[in-house]
Amino acid sequence: MGFMSNLRNLSRKRPVLGIVLTLVIGLGLIASYVFWALPPGNSLRVSQKNSELESQVEAWQKAAQEQIKQREVEVKELEKQTQENPQDAGLWLKLGDSRYALGSLYLLTGSDPAKAETAFKGALESYKKVQELNPQEKGIYLRLAKTAVFLGDNNLAETNYRQAVAADPKDNSARMSYAMFLAWVKSDYQGAIRLWQEILNNNPDQETADHVREMIKQAQEMAQKTSGEKTPAP
1141 MGFMSNLRNL
1151 SRKRPVLGIV
1161 LTLVIGLGLI
1171 ASYVFWALPP
1181 GNSLRVSQKN
1191 SELESQVEAW
1201 QKAAQEQIKQ
1211 REVEVKELEK
1221 QTQENPQDAG
1231 LWLKLGDSRY
1241 ALGSLYLLTG
1251 SDPAKAETAF
1261 KGALESYKKV
1271 QELNPQEKGI
1281 YLRLAKTAVF
1291 LGDNNLAETN
1301 YRQAVAADPK
1311 DNSARMSYAM
1321 FLAWVKSDYQ
1331 GAIRLWQEIL
1341 NNNPDQETAD
1351 HVREMIKQAQ
1361 EMAQKTSGEK
1371 TPAP
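Pasting the structure below:
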């Protein structure tokens, strides 16, 4: 549970940052721009962004508590259905997604890390069952990768990230999540930059492109700090 432990430590030190990081890697949002790309030397703007994030997090937590109740009921019902129809890949996929969402919600609220780990382990088992029953299921590699990240199994995560990227040359979502994993979990800034550049090559919308370019810039700066070598611009 290495990544989850690190995430909880981060959340205790910087609650907003920890929760947003959960959202970025766990839920696939591009909100990473908020803390990857804060303009340097503009403390007022940074303070404003932090204040806005604090308000958003408070609202998220309230909504998340309601979602937790709904997801717990949903998971129990789907578990019953998969027992009755164990060869139905579609049901296993729904169960995996519900378990994954429940684990993310537990982390989002910080309410029960042990339950979060159990939910992610269940999600991983469900996704593996889907892979067994329907190896061609679209998006299964990305689901397995993101779940493995939360469970601290970086080898399993990277294996599935690579397969997700290879399965669809135009899948910017897989590349974005893989890049976040490389940058934050493995400190592989060069690898992250390569994936972000591939996203740019896929001609995303302007807002996404701007965010990706800013993340590349930040990753280049981090790479220079850690290696002392200048990273070539894409």
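Per this note's numbering, the sequence shown runs over residues 1141 to 1374.
Where a beta carbon is used, it is the ideal one built from N, C-alpha and C, also for glycine.
For the structure I just gave you, are there three or more beta carbon pairs, one from the region 1225–1241 and one from the region 1194–1203, closer than 8 Å?
no
Could you tell me the distance, in whole angstroms, from the CA atom of P1344 to the CA atom of S1238?
29 Å
Would you mind sorting N1341 into buried or exposed? The rule is 16 or more other CB atoms within 10 Å of its CB.
exposed
Grouping DSSP H, G and I as helix and E and B as strand, with all else coil, what is K1220?
helix
What are the start and end residues of the alpha helix (DSSP H) that includes S1317?
1312–1320
Are V1305 and A1297 close, meaning C-beta to C-beta below 7 Å?
no
Going straight from the alpha carbon of L1335 to that of W1324, what length do you get?
14 Å
So, for T1162: in the same chain, excluding its five sequence neighbours on each side, which residues have a beta-carbon less than 7 Å away from its beta-carbon?
With a pLDDT of 47 at T1162, under the threshold of 50, the modelled position of this residue cannot be trusted; read the value that follows with caution. Excluding residues within five positions, the ones whose Cβ falls inside 7 Å are L1147, S1244, L1247, L1248.
Reducing DSSP to helix, strand and coil, say where N1295 ends up.
helix
List the endpoints of the continuous alpha helix (DSSP H) containing A1323.
Premise fails: A1323 is in no alpha helix (DSSP H) and is neither H nor E.
Since K1278 is in the alpha helix (DSSP H), which residue starts that stretch and which ends it?
It is not in any alpha helix (DSSP H) - K1278 carries neither H nor E in the DSSP assignment.
Within a Cβ cutoff of 6 Å, which residues of the same chain sit near L1273, ignoring the five residues on either side of it in sequence?
A1229
Where does G1243 sit, in a helix, a strand or coil, going by DSSP?
helix
Sequence-distant residues of the same chain with beta carbon closer than 7 Å to S1191, five excluded per side
none
Helix, strand or coil, according to DSSP, for N1300 in the structure here?
helix
So, A1263 versus T1287, is the Cβ gap smaller than 7 Å?
yes
Buried/exposed call for S1327, threshold 16 Cβ in 10 Å
exposed
Buried or exposed, going by whether 16 or more other CB atoms sit within 10 Å of the CB of K1216?
exposed
Flag this pair as yes or no: are the beta carbons of R1211 and A1241 separated by less than 7 Å?
yes
8 Å contact criterion, which Y1267 and L1284 should meet: CB distance rounded:
5 Å
Of the listed residues E1338, Q1276, P1253, nearest to L1233 (C-alpha basis)
Q1276
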